[in-house]
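Peer 1: The sequence shown begins at 258 in my numbering and counts up by one. Think of the CB as a built atom: it goes at the ideal place given N, C-alpha and C, for glycine as much as any other residue. Below is the structure I would like to discuss, written out as structure tokens.
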Amino acid sequence: MNKHGCGCGSGKHGMKGHMQERMDSEDLEDYKDQLEAKISVLQKKLQRLNAAQKETADKE
């Protein structure tokens with residue numbers, strides 16, 4: 258580990274690397290939240306479709 262404590266090599270690279278990691282991490286968290294919201298919507302649609310399909314099957 259270097260004197261900057263990050264293990265990246267030089268101080269400049271280390272700081273830039275950590276800033277990029279933070280931005281990437283935030284982007285990934287946002288993307289994760291978006292995917293979870295889409296999954297929730299799709300699960301609700303699937304439940305409605307399954308219920309409608311069951312109703313149709315019960316009528317026949």
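How long is the line joining the alpha carbons of Lys301 and Gln277, rounded to whole angstroms?
Peer 2: Position 44 of the sequence shown, counted from the first residue, corresponds to residue 301. Position 20 of the sequence shown, counted from the first residue, corresponds to residue 277. Cα to Cα, the separation comes out at about 36 Å.
Peer 1: For Lys316 and Gln304, I'd like the C-alpha separation in whole angstroms.
Peer 2: As a working note, residue 316 is residue 59 in the sequence shown. As a working note, residue 304 is residue 47 in the sequence shown. Cα to Cα, Lys316 sits roughly 18 Å from Gln304.
Peer 1: Between the alpha carbons of His275 and Asn307, how many angstroms are there, rounded?
Peer 2: Locating residue 275 in the sequence shown gives position 18, counting from the first residue. Locating residue 307 in the sequence shown gives position 50, counting from the first residue. Distance between the alpha carbons of His275 and Asn307 is about 47 Å.
Peer 1: For Glu293, which three-state DSSP category applies?
Peer 2: Within the sequence shown, the letter at position 36 stands for residue 293. DSSP places Glu293 in helix when its eight states are reduced to three.
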